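So the sequence lines, in the order shown, correspond to chains A and B.
According to the numbering used here, the first sequence holds residues 1 to 182 in order.
According to the numbering used here, the second sequence holds residues 183 to 364 in order.
Beta carbons are placed, not taken as given, at the ideal position from N, Cα and C, and that holds for glycine.
It should be emphasised that the depicted structure is a prediction, and the values quoted were computed from it without experimental measurement.
Below is one structure; the comments refer to it alone.
Protein chains: 2
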Amino acid sequence: MNTLAYGLLGLVARTPSSGYDLMLQLQPYWQAKHSQIYPLLAKLEQEGYMEFTRVHQTDRPDKKVYSITEKGEIALKLWLAEPTAEPVVRDELVLKAYCLQLTDDQKARDLFMERIEHCQEQMQMYEHIMSEMEQQLDGKPDHPDHPAFSDYILLSWGRRRMKEDILWCEWVLDLLKKKEAE
Amino acid sequence: MNTLAYGLLGLVARTPSSGYDLMLQLQPYWQAKHSQIYPLLAKLEQEGYMEFTRVHQTDRPDKKVYSITEKGEIALKLWLAEPTAEPVVRDELVLKAYCLQLTDDQKARDLFMERIEHCQEQMQMYEHIMSEMEQQLDGKPDHPDHPAFSDYILLSWGRRRMKEDILWCEWVLDLLKKKEAE
DNA sequence: GAAAGCATGTAAGATGTTACATGATTCG
DNA sequence: CGAATCATGTAACATCTTACATGCTTTC
């Protein structure tokens, strides 16, 4: 049982889903490819943490819809109480920023402008899901007992991170531009 | 040549260092264990991107001090111009936050309080390095041509991220506490 | 005397990515 | 007609972590 396994278990605990669907749902919070997810789901099913029913579809390929078992739910609750691993960041831009002096000013600016665009796309994605949710629920699910509370705080987390990254990039670009103006 | 290799190359390009030292320097920006770094340095040296001199020390074990070669510097500059990979986040707390409804309120609060402590430690680390640098340089190296400019923007990046994460956790804790007050 | 820091390495195993493989449907 | 989406899987490879291995010095 690794973190990804618990992540899948957590998703399935709320809404029974297919592997394909789990992959998409997980994307914004934990990047995993389908080639990692499918074998893991099979393993979790074999070990009794999940079970699946084959759902026939006429317009689309058939799918396996996984749902959590009692054993899975117990494991999930135990995991929540265990100490949380420290977050891992792997951002190539950070390493490139360290070497800024080796490039010309235009390429340096491009690095940060590229990142701003990426963050804006991500932020719009988070905001889009958020506004869809708010429309559906007719307001923010800002109460811990609301079933969409965790979605709400996670979307807020994503949006905040992107916003902060953009601000940092803009701050750096500003310093770089001041030099140009000299 | 992977991202970690370029990261090491970037560090070495500025200051020739031992593997042990590189590991420590890299920690805040790219988590890698010594067991990954040492073999990679050996490979980079064999392929001519770096070279090393064995430095004898009386009080401590001898060390291999790596420095960049011309080939290494060319590779590094090419890498800077290549498209930057999207950042990867692997944060167990995010996955746990999704399952908040499965726990009691105390454990939920503990999750975020733990994270706040972690972020505060990290933030103090970044701020400590920053203030040491400011003392040494007698001011902020906020000009792109200053040799410590990249350190300055990276430390700022670290501090900002930690600050923002703390604010998010506090916001969540606040929502959780409001429920308690009912 | 034990623990922590400095210093380098290897081996085994876990985790993650890219490529290979298939096949239906929908949209432009 | 080609590309994208839905849907599931395997194989090979790259990357990262944990454990094994050694040994000296300083600090508590």
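For B:Glu268, there is no enclosing alpha helix (DSSP H), since its DSSP letter is neither H nor E. If you draw a straight line from the Cα of B:Pro243 to the Cα of B:His216, it is about 16 Å long.
If you draw a straight line from the Cα of A:Ala5 to the Cα of A:Leu44, it comes to about 8 Å.
When C-beta distances to chain A are compared with 8 Å, the residues of the region 258-280 of chain B below that value are Leu258, Lys259, Trp261, Leu262, Ala263, Pro265, Thr266, Ala267, Glu268, Pro269, Val270, Val271, Arg272, Asp273, Glu274, Leu275, Val276, Leu277, Lys278, Ala279, Tyr280, in chain order. Against B:Val354, the close residues of chain A are Ile153, in the order they occur along the chain (beta-carbon pairs closer than 8 Å).
Here A:Trp79 has Tyr6 as same chain residues with Cβ atoms under 6 Å from its own Cβ, once five neighbours each way along the sequence are excluded. Against chain A, the beta carbon of B:Thr285 has neighbours under 9 Å at Lys77, Leu80, Ala81, listed in chain order.
Beta-bridge annotation (DSSP): B:Phe234 is paired with B:Tyr248. Distance from the CA atom of B:Lys345 to the CA atom of B:Cys301, rounded to whole angstroms, is 7 Å.
When 7 Å is used as the limit between beta carbons, A:His118 is near these residues of chain B: Glu268, in chain order.
Taking C-beta atoms under 8 Å as the contact rule, A:Pro141 and B:Leu275 fail to qualify, at a distance of about 20 Å.
Taking 8 Å as the CB threshold, A:Pro16 stays off the interface with chain B. For B:Arg272, the pairing in a beta bridge is given by DSSP as A:Trp30, A:Val88. Linking B:Tyr248 to A:Val172 through their CA atoms gives a straight-line distance of about 30 Å. Between the region 22-39 of chain A and the region 293-313 of chain B there are fewer than three C-beta pairs closer than 8 Å, too few to call the two in contact. Within the region 2-13 of chain A, the residues whose Cβ lies closer than 8 Å to any Cβ of chain B are, in chain order, Thr3, Tyr6, Gly7, Gly10, Leu11, Ala13. With 16 or more other Cβ atoms from the protein chains shown falling within 10 Å of its own Cβ, B:Ala290 counts as buried. With a threshold of 8 Å between beta carbons, B:Glu346 makes contact with chain A.
Taking CB atoms only, A:His143 has a neighbour in chain B less than 8 Å away. Counting only the Cα atoms, A:Arg159 lies some 11 Å from A:Glu121. Distance between B:Arg196 and A:Gln46, taken at the CA atoms: about 52 Å. Interface criterion met: the Cβ of A:Tyr29 is under 8 Å from a Cβ in chain B. Below the 8 Å Cβ cutoff, chain A contributes Ala97, Tyr98, Cys99, Leu100, Gln101 as neighbours of B:Ser332, in chain order. Counting along the chain, no alpha helix (DSSP H) covers B:Glu364, and no H or E run does either. With at least 16 other beta carbons inside 10 angstroms of its own, B:Thr266 counts as buried. Taking 3 residues as the shortest admissible run, the region 86-160 of chain A contains the following complete beta strand (DSSP E) segments, listed from N- to C-terminal end: 88-90.
Neighbours of A:Lys107 in chain B, taken as residues at a C-beta separation under 7 Å, are given in chain order as Leu262, Ala263.
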